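Novice: Those protein sequences? They're chains A and B, same order as listed. Take 3 as the starting number for the first sequence in our numbering and just add one per residue. Take 3 as the starting number for the second sequence in our numbering and just add one per residue. Every residue, glycine too, gets a C-beta built ideally from N, C-alpha and C. Just so it is clear, the structure is predicted and the values come from calculations on it, not from any experiment.
Protein chains: 2
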Amino acid sequence: MITRPIQAYLRNLHRSYSTLLEGNQADYIPELTEVDADLFGIALVTVDGHVYQEGDSREPFSIQSISKPFVYGMALEAHGIDKVLTKVGMEPSGDAFNSISLDEESGRPMNPMINAGAISSTSLIPGDDHAQRLAYILGKFEHYIGAAPTIQEAVYRSESETGHRNRAIGYMLRNFGILEEDPTEDLELYFQQCAISVTCRDLAMMAGTLANHGVNPITGIRALKEPYVEKVLAVMASCGMYDYAGSWIYEVGLPAKSGVSGGVIAILPGQFGMAIFSPRLDPKGNSIRGIEVCRQVSQDFGLHMLTTGRPSASAIRTQYDAAAVKSKRIRTPAQADLLSDQGHRIQTWELHGNLVFGSTEYVIDDIVRKLDRADCIILDFKRVFSTDLATARLLQGLAEQINDAGKFIYFTHFSTNYPLVRYLKHHLHQQIVDEVMRFQARDAALEHCENLILTSLGAEVSDRKFHPLEYQPLCQELTTEELTELTEIVVTEDYDQGDVIIEEGDSSDCLYFLARGQVSINLRVSGSGYRRLAAQSSGSVFGELAMIDGSARSASVVAEDKVTCFKLGFESLAAETHVRKSIRSKFMLALARDLAAKLRAANKEINALT
Amino acid sequence: MITRPIQAYLRNLHRSYSTLLEGNQADYIPELTEVDADLFGIALVTVDGHVYQEGDSREPFSIQSISKPFVYGMALEAHGIDKVLTKVGMEPSGDAFNSISLDEESGRPMNPMINAGAISSTSLIPGDDHAQRLAYILGKFEHYIGAAPTIQEAVYRSESETGHRNRAIGYMLRNFGILEEDPTEDLELYFQQCAISVTCRDLAMMAGTLANHGVNPITGIRALKEPYVEKVLAVMASCGMYDYAGSWIYEVGLPAKSGVSGGVIAILPGQFGMAIFSPRLDPKGNSIRGIEVCRQVSQDFGLHMLTTGRPSASAIRTQYDAAAVKSKRIRTPAQADLLSDQGHRIQTWELHGNLVFGSTEYVIDDIVRKLDRADCIILDFKRVFSTDLATARLLQGLAEQINDAGKFIYFTHFSTNYPLVRYLKHHLHQQIVDEVMRFQARDAALEHCENLILTSLGAEVSDRKFHPLEYQPLCQELTTEELTELTEIVVTEDYDQGDVIIEEGDSSDCLYFLARGQVSINLRVSGSGYRRLAAQSSGSVFGELAMIDGSARSASVVAEDKVTCFKLGFESLAAETHVRKSIRSKFMLALARDLAAKLRAANKEINALT
């Protein structure tokens, strides 16, 4: 097993900052000085749930002010943004963490990252009594961390005994009516919340949960509802690092929060959360190693929330028309030629990744450019991992415009994009929804679009026609004598819908002329049952590869409706008579031609896909 | 042509906010009141260069304070961050735009968005005299806008005549030594910069340029060096909206700047820039419609710089091993079997989109998991649009680790990723660079890896062997009599490297047994010359499809080194003798088998690619 690059990087980083011994441990309560000042841990958790740790990342310490953004998130989730904004603001104060910083008129604390604002957030934690409210906080922490945290009782008692300044703040908040009850219980809950025991790894997991839109990257459990995540990150970005607000965004560019026990967390939204633990602080109360490690990581990797990639073109995985990639429905040669000629009228976009405003807009621009010559648009979402509100709105507008223009658009493989589906079902007219989301499978949508084009060209796409042997493409070169002989050899067989005509893996001793109805060619797929490889209509042949290479059946063939076949046993054709040798030779040439055409089509498809 | 969804959206937005008539036009200079207060324009420019406009988006007005971030960017570019930080800070002041807000000790203005800071930025504009310095500013504006701007002379003169407060600020800055010369000229330059004439569309283009990492999305001309873009956006995010700093990040979450003439710009980095023009202001000097439109757009589309997608898994376009997708080199059946059996030892990742920290980390995690069973790793960058510093560092670490482990990694199609290539060439050992970047084409790297595996298994991969007719796979079923006859019919031909053996489009009357050397099968591609579809080695046949369907040559065949072929004219095989009929029949069966095998392989590849 090789060392992953991030692990190697963090190891070097830890080694080089171990020699940085500046700063002093917080001593406002004696318990904080009992922690070894040399401890130094770094942890990083990606949104994919990969955990990197270096140094003392498993040492417990009290969370202190790093609890503030998380408890603020709990208040938002419990009461909504409007209510919370009446109790605490979101402007940087430019003051120290323990400043009172209340609005002169309303008494509202400037922001949730100063003590006054945090006490105000804590007062909003729901519950019938103190025990319930504490359990509420600890329960949410468990969702963030993935394990139940405890409270460092000695730290809590000591904070409570010495918390005179915070009591003053509490009574000031009560005076302004920001706290609606006597502050005593809220203050105790606040002291307890500051004394929650965490490790550097725990904090990185909490930060990683915020990076992952509120969902713990390992357990998959949601710790904070999505709309509030950006609000928590916003106050961390503007007010998280005490009076460093502007310079932190300028230099480091990651929402962050520090605590006097020596922890720092920083988040790159959508990518990772990290935490550093080192108890020596600068005069403003931030961990010196913590600050420097954040700065270094941001600089070394060019990580800044305002330096983002350009998502646009990356959303298109492949784009092709129906001349290059056809549906799995096997058409008559005449119809296949029509589709090759008119294939530009059906345009497919396979989308990819995370759709956001810019990337969706790019796709729509591409669609609009091609819409002059196209009647049918297929957007496939199979490889789309997420869509946002902007994507949903833009696709809604596109579907409406295309519908108004009398053209067709189909969204396929959309089933896992719940927010998109929900939005479209809610905002589009029912009849547009019914049409646009009619096909889950891209191939089914493509086949439908092909049928629309063929029908518009006057071609017959019904599959109810009966194809006797003389109309079978394989038999076109046979003489009357040969046809008569063949008719005597074949056996007519009827099947009902769902009947298995050929079973994958069986030995092969015959081929089938499909005289009536449709069949699908299916491959067994481990786990998910069957995968439809192709579909054939009357007037085609299947099971013919066995005639060439005698191999076992490589796929199953199932009747899609009432089916009639002419079954030709190879044994019955084997006799060395002049007529049968001639039939064999003509079949072989026709099959080889058919294979050559299929191979050319497959190579064309590979080219379109790569 | 349908209406694009964004256009339709902006039209509705413009209509609904047209009725908002609150606020008052700025009147501190008379020229501002001469502008029609009812004007209302919206413009949006995507990083892909699409421009949307609604309402009075082409009306000229003086830029006023919106010039500040752009001139700050010019100062950064001319002097570097460290020097500029001695002249102007980056902390929000919480004060009004015309407050003096200097640091009490150093006299440094708090940030570049207040007048004091902007005058300080302007003083850093390089040039020998006033005319040169003005030309410098206007030249940079031209890069941002894509057209040369003018100055509204009446506005400039009026600002200069009434600019007493700004003169006071200038002398205060001179007092502290922030301005190093008499402020008179810097102040005139500042008044001129505020009087630059722009339209809403111009401002959206300037905002779009910042969104597009400093490059004008239409002209492709760089207006600001990339490292400074995030700094300009950072001060806009923390200080752009006067005393709204925190609430703007909280509610809107887009770096923005307003001006007293009624303009507002807002940027979603990597996606778009927008501008609104409407002269009625709130008491803080921000355009009321401008603010409301920004708020509405952010809310309707869920746009917030801290709400980003999850880039990780979207970076992998396809992942497969050499059992599923082989190189275009056609192997002997025995070697093909070996590769199918040992294909897991070669793993390919085709990457996609914009690689950033999180997505690269996800790819590396996937590689490390598969590395136990793999010896060769191929990372293909053909569909990668951008890579950042984090990607470069992580890939450097990966290449070193894999090299140390005695395994192989190849980066292919990397040529357009200049920053990545430059970084790797600079930071990797020369011999690792030479190995890792040895192949530009993925297929060449794949073929090389196959050769490594085959050689390790004791197989002979040299192509110098001579294959007489009796060793040709197509002739395996021939009798001695038939072989003797065939030897008499074929013509031996020799070719030098680069000789065209078959020309695409020519008519077909023969097939070729490749007896010695290698050939490539090439398709003519419009614009870019040829595309190598396949490569064949001695002991194989080409041009054989013509025997089946008589079609014209669908590709060219070129000798890759010294080549010997046995050319078989179809005419010479056509005679209806017993021997020649038997040869034809055996060839047809062998070709059909070969086609069936190729079709199965192509279908397997299509499955791996979709």
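(1) Compare the beta carbon distance of LEU212 (chain B) and VAL231 (chain B) with 7 Å and say whether it is the shorter of the two.
(2) Give the straight-line distance between the Cα atoms of LYS89 (chain A) and ARG385 (chain B), rounded to the nearest whole angstrom.
(3) Could you compute how far the alpha carbon of ASN113 (chain B) sits from the alpha carbon of MET207 (chain B)?
(4) Out of A:ARG331, A:ILE278, A:ALA447, point me to the one whose CA is closest to TRP351 (chain A)'s CA.
(5) Select from B:ALA268, B:SER509, B:HIS415 the residue whose C-alpha is nearest the C-alpha of ALA548 (chain B).
(6) For LEU308 (chain A), which residues of its own chain have a beta-carbon under 7 Å away from its beta-carbon, when the five flanking residues on both sides are left out?
(7) Can you list, in chain order, the stretches of the beta strand (DSSP E) that have 3 or more residues and sit fully within the region 466-519 of chain A?
(8) Using a Cβ-Cβ cut-off of 7 Å, state whether ARG370 (chain A) counts as contacting chain B.
(9) If VAL565 (chain B) sits next to SER522 (chain B), beta carbons under 8 Å apart, how far is it from one beta carbon to the other, in whole angstroms?
(10) On a CA-only basis, which of A:LEU283, A:PHE383, A:LEU235 is nearest HIS415 (chain A)? Give me that one, please.
(11) Roughly how many whole angstroms lie between the Cα atoms of TYR322 (chain B) and PRO475 (chain B)?
(12) Between GLY507 (chain B) and ALA443 (chain B), which are expected to be in contact by the criterion C-beta below 8 Å, what is the C-beta distance as a whole number of angstroms?
(13) So that I know if they touch, is there some Cβ in chain B lying closer than 7 Å to that of GLU479 (chain A)?
(14) So the candidates are A:ALA325, A:LEU426, A:SER316, A:GLY408; which of them puts its Cα closest to the Cα of GLY355 (chain B)?
(15) Give me the DSSP bridge partner(s) of HIS52 (chain B).
(16) Can you pull the chain A neighbours of THR5 (chain B), defined as C-beta to C-beta under 8 Å?
(17) Specify, as a first and last residue, the run of the alpha helix (DSSP H) that ILE369 (chain B) falls within.
(18) Can you give the Cα-Cα distance for ALA592 (chain B) and PHE572 (chain B), rounded to whole angstroms?
(19) I need the boundaries of the alpha helix (DSSP H) containing PHE416 (chain A), first residue and last residue.
(20) Interface residues of chain B around ASN113 (chain A) at Cβ under 7 Å?
(21) I'd like to know whether the C-beta atoms of TYR54 (chain A) and LEU87 (chain A) end up nearer to each other than 7 Å.
(22) Should PRO335 (chain A) be labelled buried (16 or more other beta-carbon atoms within 10 Å of its own) or exposed?
(23) May I ask you to list, following chain order, the residues of the region 232-244 of chain B that have a beta carbon less than 8 Å from some beta carbon of chain A?
(24) Looking only at its chain, what residues have a beta carbon closer than 6 Å to the beta carbon of MET92 (chain A), apart from the 5 residues adjacent to it on each side?
(25) Kindly indicate which three-state DSSP category PRO128 (chain B) falls into: helix, strand or coil?
(26) In angstroms, rounded to a whole number, what distance separates the CA positions of THR494 (chain A) and ALA536 (chain B)?
(27) Pick from A:HIS306, A:VAL581, A:PHE568: whose alpha carbon is nearest that of PHE468 (chain A)?
(28) Using 8 Å as the threshold, is the region 373-382 of chain B in touch with the region 216-229 of chain A, meaning 3 or more CB pairs across them?
(29) Between which residues of its own chain and ILE251 (chain B) is the CB-CB distance below 7 Å, once the five residues before and five after are set aside?
(30) What separation, rounded to the nearest whole angstrom, lies between the Cα atoms of ASP184 (chain A) and SER388 (chain A)?
(31) Does the beta-carbon distance from ILE269 (chain B) to ALA277 (chain B) come in below 7 Å?
(32) Checking contacts by CB at 7 Å: is LYS606 (chain B) closer than that to chain A?
(33) Any Cβ of chain A within less than 7 Å of the Cβ of ILE293 (chain B)?
(34) Tell me which same chain residues have a C-beta within less than 6 Å of the C-beta of VAL217 (chain A), skipping the five on either side of it?
(35) Since PRO94 (chain B) and ALA247 (chain A) should fall inside the 8 Å C-beta cutoff, what is the C-beta to C-beta distance between them, to a whole number of angstroms?
(36) For a contact meaning CB atoms closer than 9 Å, what does GLY507 (chain A) contact in chain B?
Specialist: The structure says:
(1) yes
(2) 50 Å
(3) 24 Å
(4) A:ALA447
(5) Closest by alpha carbon: B:SER509.
(6) GLY255
(7) 493-497, 502-504, 512-518
(8) Here residue 370 (chain A) turns out to be Val, not Arg, going by the sequence shown. Taking Cβ atoms only, chain B reaches closer than 7 Å to VAL370 (chain A), which makes this a yes.
(9) Contact doesn't hold; Cβ gap of about 11 Å is too wide.
(10) The candidate whose alpha carbon is nearest that of HIS415 (chain A) is A:PHE383.
(11) Taken atom to atom, the span from the alpha-carbon of TYR322 (chain B) to that of PRO475 (chain B) is near 29 Å.
(12) Distance from GLY507 (chain B) to ALA443 (chain B) at the Cβ level is roughly 25 Å; contact not present, criterion being Cβ atoms closer than 8 Å.
(13) no
(14) A:SER316
(15) Note: HIS52 (chain B) sits in no beta bridge, so no partner.
(16) The contacting residues are GLN403.
(17) 359-372
(18) 16 Å
(19) Per DSSP, PHE416 (chain A) is not a residue of any alpha helix (DSSP H), being assigned neither H nor E.
(20) What ASN113 (chain A) touches in chain B: GLY248.
(21) no
(22) The residue is exposed, with fewer than 16 neighbouring Cβ atoms inside 10 Å.
(23) GLU232, LYS233, LEU235, ALA236, VAL237, ALA239, SER240, CYS241
(24) Excluding positions up to five away in sequence, the list reads ASN113, VAL237.
(25) coil
(26) 44 Å
(27) A:PHE568
(28) Contact between the region 373-382 of chain B and the region 216-229 of chain A is absent: fewer than 3 CB-CB pairs across the two stretches fall below 8 Å.
(29) ALA239
(30) 46 Å
(31) No, the Cβ-Cβ distance between ILE269 (chain B) and ALA277 (chain B) is not below 7 Å.
(32) no
(33) no
(34) Taking C-beta separations shorter than 6 Å and ignoring five residues to either side along the sequence, the partners of VAL217 (chain A) in its chain run ARG224, following chain order.
(35) 6 Å
(36) Chain B residues near GLY507 (chain A): none, gap ~15 Å exceeds 9 Å.
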